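The block underneath contains the structure these notes are about, expressed in structure tokens.
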Amino acid sequence: MWQVGKVIDRTDWNERLFSLKIAVDIGPYLAGQFIKLAMSLQDKRVARAYSIINPPGSDYIEVLAVTVPDGQLSPALHLLQPGDVIDVSVPATGFLTLNELPQGEIQGRHLWLLATGTAVGPFLAILDTAEPWQRFEKIVLVYGARRADELAYFAKLQALAMQRPQFRFLPAITREEHPGMLHCRIPDGLASGSIERHAGISIAAADSQIMLCGNPGMIRDSISILTDRGLRKNLRRAPGQITTEKYW
Numbered sequence: 009m010w011q012v013g014k015v016i017d018r019t020d021w022n023e024r025l026f027s028l029k030i031a032v033d034i035g036p037y038l039a040g041q042f043i044k045l046a047m048s049l050q051d052k053r054v055a056r057a058y059s060i061i062n063p064p065g066s067d068y069i070e071v072l073a074v075t076v077p078d079g080q081l082s083p084a085l086h087l088l089q090p091g092d093v094i095d096v097s098v099p100a101t102g103f104l105t106l107n108e109l110p111q112g113e114i115q116g117r118h119l120w121l122l123a124t125g126t127a128v129g130p131f132l133a134i135l136d137t138a139e140p141w142q143r144f145e146k147i148v149l150v151y152g153a154r155r156a157d158e159l160a161y162f163a164k165l166q167a168l169a170m171q172r173p174q175f176r177f178l179p180a181i182t183r184e185e186h187p188g189m190l191h192c193r194i195p196d197g198l199a200s201g202s203i204e205r206h207a208g209i210s211i212a213a214a215d216s217q218i219m220l221c222g223n224p225g226m227i228r229d230s231i232s233i234l235t236d237r238g239l240r241k242n243l244r245r246a247p248g249q250i251t252t253e254k255y256w
């Protein structure tokens, strides 16, 4: 089912990376879920999935996107301005949500959020809700990108780290070195231990939940490292410590 949404604001993080705020009623949803955006292009309806960045309770949705030169939808999205309309799927869906994690004693004390690129979106929504701060003693967001200017919402995340003593924000970039940021791929930072050293806590099956969202290579390599250390995938029939969502 589709609703017509109206673009009410946009933010350009660099020449390719941008956010759109879209006024639309999609009904109730959970932080971490996604919708599809669709446009009619050359007499063909083209739809793609985008995570909702803002928490439930708003009268709009916000999405983070990057334009791909040969992409079917993203170049057209990149041209949208306030006042333009776009189709939005309802209801929201997806399982990268806190209610999918184990609860009680098997939950553990620490929540690790590992993301690359625009896949930070679900975690931005989750961090904007009360639940993670009530359930976990420590929360670590590792946000991977190629360059520093590809870290959308960087100032917001820095401010959150200042406001929340239990939160640690670790940007990790690969194509340049930048003061205060890790210079590595997320799997390499896990393998070397540098991510844990900068976070000030260790990853262990007894006290950690790991949520991963991003490119398949990051997820594959990170899972291999984590499972070698005794963590296992989280399934409803067999609770574990690793919950994932591939972003393409």
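In my numbering, the protein residues as written are 9 to 256.
Beta carbons are placed, not taken as given, at the ideal position from N, Cα and C, and that holds for glycine.
All of these numbers come straight from a predicted model, not from anything done at the bench.
* Would you check if the distance between the CB atom of arginine 143 and the CB atom of glutamine 111 is smaller than 9 Å? => Yes, Cβ-Cβ distance for arginine 143 and glutamine 111 is below 9 Å.
* Please confirm if the stretch 162-170 is in contact with the stretch 191-205, defined as three or more CB-CB distances below 8 Å between the two stretches. => Contact fails between the stretch 162-170 and the stretch 191-205, because fewer than three Cβ pairs, one in each stretch, are under 8 Å apart.
* Asked: DSSP three-state call for histidine 118: helix, strand or coil?
  -> Look at histidine 118 here: in three-state DSSP terms it is strand.
* **Where tryptophan 10 sits in the DSSP three-state scheme** => Note: tryptophan 10 maps to strand in three-state DSSP.
* In three-state DSSP terms, what is glutamine 171? -> Helix.
* Asked: How would you call glutamine 41, buried or exposed, if buried means at least 16 neighbouring beta carbons within 10 angstroms?
  -> That one is buried.
* Asked: Using the rule of at least 16 other Cβ atoms within 10 Å of the residue's Cβ for burial, across every protein chain shown, is alanine 180 buried or exposed?
  -> Alanine 180 should be labelled buried.
* Top-ranked residue by Cα proximity to aspartate 17, from Gly152, Gly201, Asp78 and Gln89 -> Among Gly152, Gly201, Asp78 and Gln89, the Cα nearest to that of aspartate 17 belongs to Gln89.
* Asked: Among residues of its own chain, excluding the 5 on either side of valine 15, which ones have a beta-carbon nearer than 6 Å to its beta-carbon?
  -> Apart from sequence neighbours up to five positions away, the residues of its chain that approach valine 15 with a beta-carbon distance below 6 Å are Leu28, Ile30, Leu88, Pro90 and Asp92, ordered along the chain.
* Assign threonine 101 to buried or exposed, taking buried as 16 or more other Cβ atoms, counted over all protein chains shown, within 10 Å of its Cβ. => Threonine 101 is exposed by the Cβ-count criterion.
* **Local conformation of proline 83 per DSSP, three classes** => Here DSSP, grouped into helix, strand and coil, assigns proline 83 to helix.
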